[in-house]
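Structure, as structure tokens:
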Amino acid sequence: MNEEQPAPLILVVEDEPALRRDIVEELQEAGYRTLAAADGQMAQELLAGVTPALVLCDITMPKLDGYELLATLRAERPDLAAAPFVFLTAMSEPREVIKGKLQGADDYLVKPVDYDLLLATVAARLWQVARIRGQHATEVDTLRTALEGLSGGRSQQVLDLIALGIVLLDGQGNVAHANRAAREMAEEAVFFSIRRGVPRATDPLSDKALQLAISDTRAVTENETVTGVMLHGEGQSISVLICTLAPDPATKGAQPTVALFLSPPTPAKKVSEQLLIDLFGLTPTEARVAASLTRGSRLSDIAEELGVSQTTISFHMRNLFQKTGTNRQIDLIALILAGPMAIETS
Numbered sequence: 009m010n011e012e013q014p015a016p017l018i019l020v021v022e023d024e025p026a027l028r029r030d031i032v033e034e035l036q037e038a039g040y041r042t043l044a045a046a047d048g049q050m051a052q053e054l055l056a057g058v059t060p061a062l063v064l065c066d067i068t069m070p071k072l073d074g075y076e077l078l079a080t081l082r083a084e085r086p087d088l089a090a091a092p093f094v095f096l097t098a099m100s101e102p103r104e105v106i107k108g109k110l111q112g113a114d115d116y117l118v119k120p121v122d123y124d125l126l127l128a129t130v131a132a133r134l135w136q137v138a139r140i141r142g143q144h145a146t147e148v149d150t151l152r153t154a155l156e157g158l159s160g161g162r163s164q165q166v167l168d169l170i171a172l173g174i175v176l177l178d179g180q181g182n183v184a185h186a187n188r189a190a191r192e193m194a195e196e197a198v199f200f201s202i203r204r205g206v207p208r209a210t211d212p213l214s215d216k217a218l219q220l221a222i223s224d225t226r227a228v229t230e231n232e233t234v235t236g237v238m239l240h241g242e243g244q245s246i247s248v249l250i251c252t253l254a255p256d257p258a259t260k261g262a263q264p265t266v267a268l269f270l271s272p273p274t275p276a277k278k279v280s281e282q283l284l285i286d287l288f289g290l291t292p293t294e295a296r297v298a299a300s301l302t303r304g305s306r307l308s309d310i311a312e313e314l315g316v317s318q319t320t321i322s323f324h325m326r327n328l329f330q331k332t333g334t335n336r337q338i339d340l341i342a343l344i345l346a347g348p349m350a351i352e353t354s
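Here's what the structure looks like:
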């Protein structure tokens with residue numbers, strides 16, 4: 009474990025005292041910190057004050073079983089969305105596995121527990137989360153660093169060479185600068201325009217979401233934040249990634265405080281499904297679903313295209329959220345289109 013940071017905290021939820029004790033001892037010997045609960049209700053009480061890195065949970069328990077605990081956490085604790093949830097179960101029937109997967113479970117360990125497999129599963133799941141978070145943070149930091157401190161002149165002219173639409177807002181929410189790609193998109197007014205110095209989406213519902221996202225981002229004064237929205241127009245959709253910009257102490261005068269990154273409309277960008285598979289550990293079907301989302305396809309359209317049910321698509325979406333460390337469809341799309349998975353095509 010990294011000595012500069014506390015060891016990952018693992019929550020063990022198991023109603024058999026001997027097994028619970030053995031699992032805790034194995035995890036502690038491996039260097040993890042642990043919390044233990046005898047049932048789902050006790051786990052909820054423990055979770056009120058902590059955020060574990062991973063949850064190991066039995067299915068059949070009194071008071072609140074594993075399925076109920078998982079459903080509650082997925083619905084009420086968005087801060088735990090990226091924390092892997094691994095079931096401990098004596099039931100290895102496919103229908104039980106499917107039920108857990110549909111509710112958002114990440115993995116299964118079958119009793120009697122193989123402790124080598126348990127430790128390997130925990131390590132692999134935590135490594136996957138760390139990789140995704142690191143990759144996402146690096147991309148956002150790179151975009152933010154490239155723009156922070158821009159106040160005019162040649163530095164902003166460089167933005168005209170970027171295919172991604174970039175709009176910089178000042179402290180009042182007005183457009184301080186828009187690069188060439190953004191200006192061209194605004195002139196076409198298919199997805200958005202700039203009216204009275206303010207970016208506005210063409211579609212009323214999209215504009216409502218855009219203004220709310222910009223307002224929420226501008227309200228952040230201490231922590232960096234990133235969010236995204238979809239803009240719709242003429243049967244197509246584009247994503248907008250919105251992030252805060254830290255002021256540059258060396259730069260005098262007014263500086264941009266918020267940046268908008270607008271993805272070019274299809275077919276200007278194509279998503280590399282193979283790169284999605286390599287970066288996030290997706291299955292080919294999950295990569296295909298993710299790529300279809302970036303083209304503006306609806307979930308019902310994707311289900312029809314793949315010849316599967318909406319329930320199956322929902323299952324794939326849950327896996328996509330977990331593997332990419334996102335919580336919403338728009339954030340998933342923004343992550344993909346703002347990153348190296350999206351490549352320019354002629």
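So for the sequence shown, the working numbering puts the first residue at 9; every next one is plus one.
All residues carry an ideal CB built from backbone N, CA and C; glycine is no exception.
Since the structure is predicted, the reported quantities are computational estimates derived from the model, not experimental observations.
*Can you pull the DSSP bridge partners for Q244?*
G241
*asked:* Within a Cβ cutoff of 6 Å, which residues of the same chain sit near L167, ignoring the five residues on either side of it in sequence?
replied: Within the same chain, L167 has close Cβ partners I174, N187.
_Segment limits, alpha helix (DSSP H) that includes V32_ = 25 to 37
*If L127 sits next to L117, beta carbons under 8 Å apart, how far is it from one beta carbon to the other, in whole angstroms?*
At roughly 11 Å, the Cβ-Cβ gap does not stay under 8 Å, so L127 and L117 are not in contact.
*Select from E84, S280, N335 the residue whose C-alpha is nearest the C-alpha of I344.*
S280
*Whole angstroms is fine: what's the gap from S317's alpha carbon to A311's?*
Taking the straight line joining both Cα atoms gives about 6 Å.
*Y116 by DSSP, collapsed to three states: which one?*
The answer is strand: DSSP assigns Y116 an E or B state.
*Of all the options E84, D124, L78, which has the alpha carbon lying nearest to the alpha carbon of M69?*
L78
*Taking contact to mean at least 3 C-beta pairs separated by less than 8 Å, is the region 17 to 31 in contact with the region 47 to 59?*
In short, these stretches touch, since the Cβ pair count reaches three.
*asked:* Could you give the first and the last residue of the continuous beta strand (DSSP E) run that contains D215?
replied: No beta strand (DSSP E) holds D215; the alpha helix (DSSP H) holding it covers 212 to 227.
*In whole angstroms, what is the alpha-carbon distance linking A221 and T235?*
It is roughly 7 Å from the alpha-carbon of A221 to the alpha-carbon of T235.
*Would you kindly work out how many angstroms separate the C-alpha atoms of G74 and T97, rounded to a whole number?*
10 Å
_Suppose the cutoff is 6 Å on Cβ atoms and the five residues either side in sequence are ignored; what does the same chain contact list for A276 look like?_
With a pLDDT of 47 at A276, under the threshold of 50, the predicted position of this residue should be treated as unreliable, though the coordinate-derived value follows. Excluding positions up to five away in sequence, the list is empty.
*Relative to the alpha-carbon of L35, which residue among A209, A15, P25 has its alpha-carbon at the smallest distance?*
A15
*asked:* By the DSSP assignment, the beta strand (DSSP E) with S201 in it spans what residues?
replied: 200 to 203
_the region 197 to 211 / the region 292 to 303 touching (three or more Cβ pairs under 8 Å)_ = no
*In this structure, does DSSP put P207 in helix, strand or coil?*
Correct three-state label for P207: strand.
*Classify R133 as buried or exposed, calling it buried when 16 or more other Cβ atoms lie within 10 Å of its own Cβ.*
buried
*Return the first residue and the last residue of the beta strand (DSSP E) that A97 is part of.*
For the sequence presented, residue 97 should be read as Thr rather than Ala. Here the beta strand (DSSP E) through T97 covers 93 to 97.
*Check the C-beta distance from D115 over to V94 and give it rounded, since I have them as a contact under 8 Å.*
Indeed they touch by this definition, with Cβ atoms about 5 Å apart.
*Please classify V237: is it buried, with 16 or more other beta-carbons within 10 angstroms of its beta-carbon, or exposed?*
buried
_Looking at the secondary structure, which residues open and close the alpha helix (DSSP H) in which L78 lies?_
74 to 84
*Are the Cβ atoms of D309 and S300 separated by less than 9 Å?*
Going by C-beta atoms, D309 is nearer than 9 Å to S300.
*Length of the line joining the Cα atoms of L55 and A44*: 11 Å
*Whose C-beta lies closer than 8 Å to the C-beta of L340 among residues of the same chain, with five residues either side of it excluded?*
A298, L301, L328, F329, T332, T334
*Under the rule that 16 or more other beta-carbon atoms within 10 Å means buried, what is A267, buried or exposed?*
buried
*asked:* Within the continuous alpha helix (DSSP H) that includes A44, where are the two ends?
replied: Note, A44: premise wrong, no alpha helix (DSSP H); beta strand (DSSP E) at 41 to 45.
*Which listed residue (T225, S245, A227, H185) has its alpha carbon closest to that of V214*: It is Ser, not Val, that sits at residue 214 in the sequence shown. Looking at the Cα atoms, S245 is the closest of the given residues.
*Which word fits D124, buried or exposed, when buried means at least 16 other C-beta atoms lie within 10 angstroms of its C-beta?*
exposed
*asked:* On the criterion of 16 or more Cβ atoms from any shown chain inside 10 Å, does R28 qualify as buried, or is it exposed?
replied: buried
_So within the region 269 to 334, which uninterrupted beta strand (DSSP E) runs reach at least 3 residues, ignoring any that extend past its ends?_
277 to 279
*Who are G236's beta bridge partners in DSSP?*
DSSP lists L249 as the beta-bridge partner residues of G236.
_Beta-ladder partner(s) of I174, from DSSP_ = F269
_Euclidean distance between Cα positions of P272 and G179_ = 26 Å
*Beta-carbon separation of L307 and A189 under 9 Å?*
Result no, Cβ atoms of L307 and A189 do not sit closer than 9 Å.
*Please report how far the alpha carbon of A26 lies from the alpha carbon of T59, in whole angstroms.*
Taking the straight line from one Cα to the other gives about 25 Å.
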